[in-house]
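Shown next, in structure tokens, is the structure this report addresses.
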Amino acid sequence: MGLVDKGRLPAPLTKLFNMSRSYSLWVYQWGLACCAIEMGAAFGSPRYDVMRLGVIPLPASPRQADFVCVSGTVTDKMAPAVKRLWEQMPEPKYAISMGSCANCGGPYWDSYSVTKGVDQIIPIDVYVPGCPPRPEALLEGIVLLQQRIKNEDMAAKWRGDEFTTLQRTRAMEAGEVDRDGELINEPTEPTPEMAQAADSVQPEPIVVGGGPIE
Amino acid sequence: MTLTDRQQLSYIASQAADARLNVELETEGMTLNIGPQHPATHGTLRIICRLDGEQVVWAEPVAGYMHRGYEKLTEVRTFPQVTTLVNRIDWLGSFANEVPFILAAEKLMEIEAPPRAQVIRTILFELSRIANVSLFLGDLGVQMGAITPVFLAFRDREYILNLIEGATGGRFHPNFDRIGGLKDDLPKGWIEETRGAVKKLEQFCDTIDDLLFGNEIFQSRMRGIGIIPADIAKDYGLSGANARASGIDWDLRRDQDIPLSYDLADWKVWTHPDGDSWARCWIRLQETRESCKIVTQLLDQIPAGPVMTKVPRIIKVPEGEAWVSTENPLGEMGYYVVSKGGLGPFRVKIRSASFNNISIVPWALKGVYVPDVITILASLYFILGDIDR
Amino acid sequence: MAPLSDDTTTQDAPGADAPAALPGDGLREGIIDNLRSHIGDAIVDTKITPNDDLWIRVSTEAWLSTGQALKDAGFTYFCFLSGLDWMPSPYGTSEEDPDDEPKEPDTEIVQGYTGGETRFQVFARLADLDRHVGVTIKADVPDDRLVMESWSHLFAGANWHERECHEMYGIGFDNHPDLRNMYLPGDFEGYPLRKDFPLLARMVKPWPGIVDVEPMPAEDEAEAPVEEKGDES
Amino acid sequence: MLAQLAAEFPDFWPEWSIPYWLMSILRVVGGLVAVLLPAGGIVYLFLFKMMSFMQSRLGPMEAGPYGSMQLLAEVGKWMQKEDLAPENADLRIYRMAPLIVLLSTFLLIVVVPFGPQAWFTNFETGIFYALAVGSVSVLGILIAGWSSANKYSLLGGLRAGGQLIAYELPMVLATLGVVIQAESMNLNRIIEVQNTGEIFGIGWFGNPFIITQFVGFLIFMIAVQAELTQAPFDMPIAESELVSGYMTEYSGFRFLIFFIAEFATAGVFSFIAAALFLGGWGVPFEWFGWDNLGDVAWWMNFVGPVIMFTKMFALVGVIMWVRFSYPRFREDQLQTFAWKVLIPLALANTAVTAILKVVL
Numbered sequence: 032m033g034l035v036d037k038g039r040l041p042a043p044l045t046k047l048f049n050m051s052r053s054y055s056l057w058v059y060q061w062g063l064a065c066c067a068i069e070m071g072a073a074f075g076s077p078r079y080d081v082m083r084l085g086v087i088p089l090p091a092s093p094r095q096a097d098f099v100c101v102s103g104t105v106t107d108k109m110a111p112a113v114k115r116l117w118e119q120m121p122e123p124k125y126a127i128s129m130g131s132c133a134n135c136g137g138p139y140w141d142s143y144s145v146t147k148g149v150d151q152i153i154p155i156d157v158y159v160p161g162c163p164p165r166p167e168a169l170l171e172g173i174v175l176l177q178q179r180i181k182n183e184d185m186a187a188k189w190r191g192d193e194f195t196t197l198q199r200t201r202a203m204e205a206g207e208v209d210r211d212g213e214l215i216n217e218p219t220e221p222t223p224e225m226a227q228a229a230d231s232v233q234p235e236p237i238v239v240g241g242g243p244i245e
Numbered sequence: 002m003t004l005t006d007r008q009q010l011s012y013i014a015s016q017a018a019d020a021r022l023n024v025e026l027e028t029e030g031m032t033l034n035i036g037p038q039h040p041a042t043h044g045t046l047r048i049i050c051r052l053d054g055e056q057v058v059w060a061e062p063v064a065g066y067m068h069r070g071y072e073k074l075t076e077v078r079t080f081p082q083v084t085t086l087v088n089r090i091d092w093l094g095s096f097a098n099e100v101p102f103i104l105a106a107e108k109l110m111e112i113e114a115p116p117r118a119q120v121i122r123t124i125l126f127e128l129s130r131i132a133n134v135s136l137f138l139g140d141l142g143v144q145m146g147a148i149t150p151v152f153l154a155f156r157d158r159e160y161i162l163n164l165i166e167g168a169t170g171g172r173f174h175p176n177f178d179r180i181g182g183l184k185d186d187l188p189k190g191w192i193e194e195t196r197g198a199v200k201k202l203e204q205f206c207d208t209i210d211d212l213l214f215g216n217e218i219f220q221s222r223m224r225g226i227g228i229i230p231a232d233i234a235k236d237y238g239l240s241g242a243n244a245r246a247s248g249i250d251w252d253l254r255r256d257q258d259i260p261l262s263y264d265l266a267d268w269k270v271w272t273h274p275d276g277d278s279w280a281r282c283w284i285r286l287q288e289t290r291e292s293c294k295i296v297t298q299l300l301d302q303i304p305a306g307p308v309m310t311k312v313p314r315i316i317k318v319p320e321g322e323a324w325v326s327t328e329n330p331l332g333e334m335g336y337y338v339v340s341k342g343g344l345g346p347f348r349v350k351i352r353s354a355s356f357n358n359i360s361i362v363p364w365a366l367k368g369v370y371v372p373d374v375i376t377i378l379a380s381l382y383f384i385l386g387d388i389d390r
Numbered sequence: 356m357a358p359l360s361d362d363t364t365t366q367d368a369p370g371a372d373a374p375a376a377l378p379g380d381g382l383r384e385g386i387i388d389n390l391r392s393h394i395g396d397a398i399v400d401t402k403i404t405p406n407d408d409l410w411i412r413v414s415t416e417a418w419l420s421t422g423q424a425l426k427d428a429g430f431t432y433f434c435f436l437s438g439l440d441w442m443p444s445p446y447g448t449s450e451e452d453p454d455d456e457p458k459e460p461d462t463e464i465v466q467g468y469t470g471g472e473t474r475f476q477v478f479a480r481l482a483d484l485d486r487h488v489g490v491t492i493k494a495d496v497p498d499d500r501l502v503m504e505s506w507s508h509l510f511a512g513a514n515w516h517e518r519e520c521h522e523m524y525g526i527g528f529d530n531h532p533d534l535r536n537m538y539l540p541g542d543f544e545g546y547p548l549r550k551d552f553p554l555l556a557r558m559v560k561p562w563p564g565i566v567d568v569e570p571m572p573a574e575d576e577a578e579a580p581v582e583e584k585g586d587e588s
Numbered sequence: 033m034l035a036q037l038a039a040e041f042p043d044f045w046p047e048w049s050i051p052y053w054l055m056s057i058l059r060v061v062g063g064l065v066a067v068l069l070p071a072g073g074i075v076y077l078f079l080f081k082m083m084s085f086m087q088s089r090l091g092p093m094e095a096g097p098y099g100s101m102q103l104l105a106e107v108g109k110w111m112q113k114e115d116l117a118p119e120n121a122d123l124r125i126y127r128m129a130p131l132i133v134l135l136s137t138f139l140l141i142v143v144v145p146f147g148p149q150a151w152f153t154n155f156e157t158g159i160f161y162a163l164a165v166g167s168v169s170v171l172g173i174l175i176a177g178w179s180s181a182n183k184y185s186l187l188g189g190l191r192a193g194g195q196l197i198a199y200e201l202p203m204v205l206a207t208l209g210v211v212i213q214a215e216s217m218n219l220n221r222i223i224e225v226q227n228t229g230e231i232f233g234i235g236w237f238g239n240p241f242i243i244t245q246f247v248g249f250l251i252f253m254i255a256v257q258a259e260l261t262q263a264p265f266d267m268p269i270a271e272s273e274l275v276s277g278y279m280t281e282y283s284g285f286r287f288l289i290f291f292i293a294e295f296a297t298a299g300v301f302s303f304i305a306a307a308l309f310l311g312g313w314g315v316p317f318e319w320f321g322w323d324n325l326g327d328v329a330w331w332m333n334f335v336g337p338v339i340m341f342t343k344m345f346a347l348v349g350v351i352m353w354v355r356f357s358y359p360r361f362r363e364d365q366l367q368t369f370a371w372k373v374l375i376p377l378a379l380a381n382t383a384v385t386a387i388l389k390v391v392l
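Structure, rendered in structure tokens:
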């Protein structure tokens, strides 16, 4: 969408798009190991129902999915399959890495056949620690993802550079910007080295129940 | 064993598939691979099958997508650390994985858990079986296309997970076993709560019985599909409900002397002559009911006394080899522990049930329709961690 | 089906080794004699723990015929088949304290039950479901040529087990239908379960040692075998 | 009250005369509403809410009060998705497939009457046209299956082709019974016969064909369940086998069109079933003292659609209820059920209706 790329989308329309994107998240279940059962308990059980957050676990093919919840151990033999399925998903896509196996290899940190963390393969938005994390932890991860989508800047997402998103999250922490991205006080001009520094850095991943990873 | 006509039919179908394989295929067969990520397989099993139209002529499962190298990791860990690792093999009934390993270590050290610990171990063993098989019963519906039963299964399974969490602290990776007994005793009020939860599970079994097993479409999809006669089941080493469904009257809980207290409760071992998918699922349903019976009976016979024998703080298991196998929810799971007197085991051979249960798939899937591939796999009921270790 | 053993004493009564007076386990002696009648002197060594378990070690050439003889004798249930590597790991068992000076690893190969001469051994377990008895069979794999006969035509289940044993230990099985890798990707070099296969993650970041337990109060003090530095649990 | 008002000022309410161009605009807008409103309503009411309550869950609650804005969120999100197409797909027909399936829904709605004058077209051969056009969606599905160059879609497409053709025959034969009894293929005429006739003298209830043609009604509903490829017959989109059948490679807005088309077709077939078996837009004319189509009051043009929608939602409720609780047939069982059970039954039903028609 030309308008979006050049970042001249009017703010209320961006807000509406972000809201609709965050409330209708079609999830593609990527159940690998024991975390898949906790993910199934979160997605498919009446007690921790995820559909009330607007996350619909219906699609069976990656083409119709918005975000993928990688839950379980990713082995070296499985890594290319994870990569291909991530590429099959249409563009505004997000990823939650659930469980310590997906985060960093977990109890198999010294195994010869386990990839130490799925973020070596696909960019991850939210990490949910735990082995296996409780379904409530996954729900909190999804809520955090929804908040990130609500405050997201469409242009950055489509242009692929995370500059504006990172700047906004930092600005939000610094208190210059309120939750909806409106400036509280005088806007600071993004200096060239800030832009250059930001380009090289991945967005701050959110860790459920903990600060960003040092 | 007289072959029922259904078994002859299945033989003829597979022979026909064989014949077609040898004769030059005039229609260029299509190779379809199901998996590695596929909604039907419980995780990452990939099956390559060559189709002739809708019929599978040749099928070969490719395992290894979940291989985490357990046997190598156990060689560099101490005994208590291995139990943490080992209860992630069959991640649905994960307390059941620790028990045979701990029993093998206790056999090597020639010590035995006190009677109270044995009864509590048996109760928790049966509770993890109920948790495992109840999800299987719910998931059976999803494989066949009925969406609702899985929600019933997850809802009722939560009661059991609460119990296990109450007693051990972990929802389903409890790590509650120690060499020589248990970590600590049951919390207050746990026994009454268990009785209530087990009653709910019996109601769950009845609802699944008439909601799913009573459904004509379900029966027409399951009966007479994927028939495995007893001698072929023994040849491949099928165990658990898959073996009993082919008429093999063999249950490790009853047929061998291991220090678990199954003889305190009276319960029945179910077998079924047909050996088809329906029999396997039906037997698992009856076994869940039996487990509920065992738990309710054992709850009244928990003896008083300590939960842990006198064991030195840092355990050095004397030199020797031991083999212990128990009746896990998926089948016979056994550990062959070789110890050289160190803190950790020298070699642990993990005999997991699903590895043998799935090795029969190339034989069972010959001459079968594509939808039946899913039925047979669902009825064999494997867990990926169990196959790939 | 009444539980197997008629005598009620649990066989591993604490501390009591098998006293001579304990009645010999008739069933397992019978199995050994029956097998000896079939393959004669190929049985190299046997070990019985009464009413519990039975190990038999046969010579390498008699591996297939033993399987056949046992199958005819009623052991129709194929439990598993795998390999053993008796060389102690050159990287130590990572139980030592990383700060002590690394003592030279002992390379003396000591086989377990029923002995053996070579570094590698193949062992399998069969069970007779009617008599509820299981037997573990071991055989040496000659060091110069790591190949055994394949059981896959005897027990169909052995096919996968042999493929796994091949990729984990490098032990070949001749006239096996397709000896491809079972678990590991095709281009994986090295045999992981061999003791000399290093775990790289442990090389890079050594496990903080076994020093995991701070000493218990007084009465344990005497028993604690070696002084430990309780730096962090 | 309105009736007296109309009686006192006959000329105040002129004979129903709307300029021609306004009528056609009303028809176009009415057509869109009649197709898209049920689709949206069914998706929200049944797929999200009823399925969740059947599974003791809440269903979407976040977007708007009780998740009512969920549909807006869905459409908003699907518009932003990237427009993907598989690499060696046959692009032209790949893009055309979902539109064909939606097209067949619009073609079907054209024949459904919503009131004495509130109809889009008043064909004399209404139901004949509807059944003929109903099979256009098969083409869309086959094209989708073939063009997305994916084994699963091919299998899904071929299965869908076989199934839809196999289940059109029972549907046609079921409507045959209705046509014989109503002696006309014009849907308005069928509705009139249902609301004026009486059964063995009891007149106040009218004669909805669900009573006399109950076997026909059952066969029609089963055939509709199969036409929509829904649960007992959802072999073409069997999640557990063929990932998602012919829709596997579709994403973004095209998948939304498929998704809407699936539920819109459910709505439209329920409209037709309501018209054929439940007395359509009318309530028994006896209650208002009318005795034929001519003197039905003008306000029925406004009340008719409301009645039609309630009957439609009732029927869709039954369809969705069956969808969420039944396991799935195997492909060959599905075909044998159609050819060996439904078609003979439908033929018997037609024969009995014809004999009774002559005898009574």
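These protein sequence lines map, in sequence, to chains A, B, C and D. In this text, residue positions in the first sequence follow my numbering: the first is 32, and each later residue adds one. In this text, residue positions in the second sequence follow my numbering: the first is 2, and each later residue adds one. In this text, residue positions in the third sequence follow my numbering: the first is 356, and each later residue adds one. In this text, residue positions in the fourth sequence follow my numbering: the first is 33, and each later residue adds one. Each residue gets a CB set at the ideal place from its N, CA and C atoms; glycine is no exception.
Which of helix, strand or coil DSSP assigns to residue i
i, result
"P62 of chain B", "strand"
"R535 of chain C", "coil"
"T45 of chain A", "helix"
"D396 of chain C", "helix"
"D542 of chain C", "coil"
"V256 of chain D", "helix"
DSSP beta-bridge partners of residue i
i, result
"K402 of chain C", "C:W410"
"A482 of chain C", "C:Y432 and C:G489"
Proximity below 8 Å, CB of residue i to CB of residue j
i, j, result
"A114 of chain B", "T310 of chain B", "yes"
"Y79 of chain A", "P166 of chain A", "yes"
"N220 of chain D", "L325 of chain D", "yes"
"L344 of chain B", "R122 of chain B", "no"
"L63 of chain A", "T104 of chain A", "yes"
"G429 of chain C", "V339 of chain B", "no"
Alpha-carbon spacing of residue i relative to residue j, whole angstroms
i, j, result
"N530 of chain C", "D400 of chain C", "27 Å"
"I237 of chain A", "D141 of chain A", "26 Å"
"T327 of chain B", "S135 of chain B", "20 Å"
"E25 of chain B", "H521 of chain C", "The pLDDT assigned to E25 of chain B is 42, lower than 50, so where the model puts this residue is not dependable; a value taken from the coordinates is nonetheless given after this. E25 of chain B and H521 of chain C: Cα-Cα distance of roughly 33 Å."
"M332 of chain D", "I304 of chain D", "19 Å"
Residues within the region 127 to 155 of chain A neighbouring chain B, beta-carbon criterion of under 8 Å: Listed by position, the residues of the region 127 to 155 of chain A near chain B (Cβ gap below 8 Å) are P138, Y139, D141, S142, Y143, S144 and V145.
Selection of the region 95 to 127 of chain A by Cβ proximity to chain C, strictly under 7 Å: So the list reads D107 and K108, given in the order they occur along the chain.
Cβ-based contacts, 7 Å cut-off: residues of the region 144 to 167 of chain B near chain D: Among the residues of the region 144 to 167 of chain B, those with a Cβ less than 7 Å away from any Cβ of chain D are Q144, M145, G146, A147, I148, T149, F152 and R156, in the order of the chain.
Against chain B: residues of the region 418 to 449 of chain C by CB proximity under 8 Å: Within the region 418 to 449 of chain C, the residues whose Cβ lies closer than 8 Å to some Cβ of chain B are T431, Y432, F433, C434, F435, S437, L439, D440, P443, S444, T448 and S449, listed in chain order.
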